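In my numbering, the protein residues as written are 249 to 679. Idealized CB from N, CA, C, for every residue including glycine. The model shown is predicted, which means the values in this text are computed figures rather than measured ones. Step one of this worksheet: look at the structure below.
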Amino acid sequence: MSSNASAVQTPWYQGLFSGLQKMGRSLQLPIAVLPAAGILNRLGQDDVFGKDGLGWNDVAKVFGGAGGALLDSSLGLPLLFCVGVAIGMAKKADGSTALAAVVGFLVYYNVLRQFPEDCAAGAVLKGNQCVDFATQAASNATYQNPGVFGGIVIGLLSAWFWQRYHRVKLVDWLGFFNGRRLVPILMSFVALAFAVVCLWVWPPIGDALVSFSKWMTDLGSGGAGIFGVANRALLVIGMHQFLNTFMWFQFGDYTKADGTVVHGDINRFLAGDPTAGQFTTGFFPIMMFALPAAALAIAHCAKPHRRKEVGGMMLSVGLTSFVTGVTEPIEYSFLFIAPVLYGIHAVLTGVSMAVTWALGVKDGFSFSAGLIDYVINWGLATKPWMIIPIGLAFAAVYYAIFRFAIIKFNLPTPGREPEELAEELERDNVK
């Protein structure tokens with residue numbers, strides 16, 4: 249029997265699962281840019297450098313314009329996701345991958361801008377504005393806007409075409425356009441075709457997404473709770489960013505004072521929408537208080553001779569969660585060895601989301617629900633002080649549950665591994 253025949257074939261769904269995980273990791277690259285966008289945007293607010301703060305109006309315009317460019321839901325954000333996905337999905341990507349993505353996105357974006365939606369009754373489209381000549385009122389025209397989703401699709405197409413054609417050699421007299429120079433040219437035509445498809449296909453899809461977001465929003469605290477549970481559950485397979493991308497950057501809309509429309513829970517919050525934060529607020533008590541308390545419980549439950557070592561590690565990951573909102577180091581320390589604990593954590597995250605929203609607490613972040621975003625966005629939040637007592641309550645619950653479960657069921661959390669495994673880990677650390 250040949251080696252090929254005897255080889256165990258990988259099931260198709262494992263390949264699909266691996267690709268989706270890679271896609272999820274790719275989405276983290278553009279998200280990593282958002283802290284800069286959030287800080288710049290916050291400094292440009294009226295109550296910081298603006299008229300109600302230091303009174304440096306021109307300085308506020310500079311910072312507000314800089315942050316707004318990155319958070320623009322029709323151009324800036326979709327372009328960031330487009331480039332990030334293209335680089336993340338293409339094997340051995342280089343600068344030409346990003347260039348192909350940018351070329352494709354600009355073509356796609358500007359084709360959509362050639363077809364504004366119809367103006368309201370009584371108004372006439374003039375340039376980029378709908379003008380009502382009876383009242384002389386003017387408003388910005390609207391366009392089909394797949395937003396971040398459109399950027400992600402262009403990024404995926406760019407990665408595929410780059411992977412497929414970046415080493416192609418043409419005939420000699422077209423040799424200048426070989427390989428990497430060919431891909432941006434191809435992407436300009438691919439993006440044009442995709443934009444034309446969007447003009448026909450996106451309206452019903454967009455309407456369906458609006459209906460879904462409205463259903464989730466109308467559920468109030470229940471909708472926030474469902475999102476919290478789903479967010480943590482999908483983290484297990486690295487696909488939580490798919491859910492986040494829609495709810496945080498696409499759903500809902502808010503019109504700023506200058507007529508600009510922004511989309512997504514995060515963008516709306518940073519733009520000053522008082523109704524935003526439904527799908528972000530409840531993460532603050534969990535990331536700033538509850539998970540550090542879980543880390544403390546893990547440290548206290550370690551064997552005496554390993555308590556100092558594990559305590560230092562848990563202090564590090566606990567502070568990371570508290571300050572930055574990056575929770576994966578803590579969550580993965582008990583996810584696989586105590587999945588029931590992780591299930592409880594997912595449910596309690598949903599409870600936190602529901603409780604904060606039900607109590608009228610509204611807060612948001614540019615990157616994650618840590619101390620940095622909590623302090624920076626204090627002035628934009630509603631009842632942000634309530635996050636502290638709510639967080640302390642969840643910290644007590646997490647500590648009690650984790651300590652009880654680890655001791656009662658003898659869970660092999662860090663510092664409680666079998667001796668032979670502990671010795672192997674120690675040897676690896678020495679190396």
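| Query | Result |
| --- | --- |
| For Val307, which residues from the same chain have a beta carbon less than 7 Å from its beta carbon, with the 5 sequence-adjacent residues on both sides left out? | Phe297 |
| For a test of the three-state rule: what should DSSP assign to Asp513, helix, strand or coil? | helix |
| Rounded to a whole number of angstroms, what is the C-alpha to C-alpha distance between Tyr647 and Pro587? | 17 Å |
| If you drop the 5 nearest sequence neighbours on each side, which residues of the same chain put their C-beta closer than 7 Å to that of Ile649? | Ile592 |
| What number of angstroms, rounded off, separates the C-alpha of Gly560 from the C-alpha of Pro577? | 13 Å |
| Within 8 Å, do at least three Cβ pairs link the stretch 598–607 to the stretch 465–482? | yes |
| Nearest by alpha-carbon distance to Leu354: which of Lys340, Val331, Gly336 and Ala341 is it? | Val331 |
| Helix, strand or coil, according to DSSP, for Asp501 in the structure here? | strand |
| Got a sec? Which residues, its chain only, sit under 7 Å from Ala338 by beta carbon, not counting five neighbours each side? | Thr345, Ala407, Trp410 and Gln411 |
| Considering only DSSP beta bridges, list what Tyr391 is partnered with. | Pro364 |
| With 16 other CB atoms within 10 Å as the buried threshold, where does His414 fall? | buried |
| Would you call the stretch 469–476 and the stretch 603–619 in contact, with 3 or more CB pairs under 8 Å? | yes |
| So the candidates are Asp294, Phe532, Pro662 and Lys417; which of them puts its Cα closest to the Cα of Ala550? | Pro662 |
| Around the C-beta of Ser569, are 16 or more other C-beta atoms found within 10 angstroms, so that it is buried, or is it exposed? | buried |
| Measuring CB to CB, does Val281 end up less than 8 Å from Leu318? | yes |
| Helix, strand or coil for Lys556? Go by DSSP, reduced to three states. | helix |
| State the DSSP-derived secondary structure class of Lys631, mapped to helix, strand or coil. | coil |
| DSSP three-state label for Lys610, please. | strand |
| Can you check whether the CB of Gly525 is closer than 8 Å to the CB of Phe517? | yes |
| From Ser616 to Pro432, what does the alpha carbon distance come to, in whole angstroms? | 34 Å |
| Whose CA, out of Ile546, Phe652, Leu302 and Gln293, lies closest to the CA of Glu579? | Ile546 |
| Less than 8 Å between C-beta atoms, sequence neighbours within five positions excluded: which residues of the same chain meet that for Trp304? | Phe297 and Gly298 |
| What first and last residue would you give for the alpha helix (DSSP H) that runs through Asn289? | Leu282 to Leu291 |
| Would you kindly check if the distance between the Cβ of Asp513 and the Cβ of Met495 is under 8 Å? | yes |
| Under 8 Å between the Cβ atoms of Thr465 and Gly500? | yes |
| Under the three-state reduction of DSSP, which class applies to Gln526: helix, strand or coil? | coil |
| I need the boundaries of the alpha helix (DSSP H) containing Ser321, first residue and last residue. | Note, Ser321: premise wrong, no alpha helix (DSSP H); not H, not E. |
| Using only the alpha-carbon positions, how far apart do Gln276 and Gln489 sit? | 8 Å |
| State the DSSP-derived secondary structure class of Ile585, mapped to helix, strand or coil. | coil |
| Can you find the residues in the same chain that come closer than 7 Å, C-beta to C-beta, to Asn289, ignoring five residues on each side of it along the sequence? | Gly312, Gly315, Gly316, Leu319 and Leu518 |
| For His511, does the count of other Cβ atoms within 10 angstroms reach 16, so buried, or fall short, so exposed? | buried |
| Counting C-beta neighbours from all protein chains within 10 Å, is the total for Gly618 16 or more, i.e. buried, or is it exposed? | buried |
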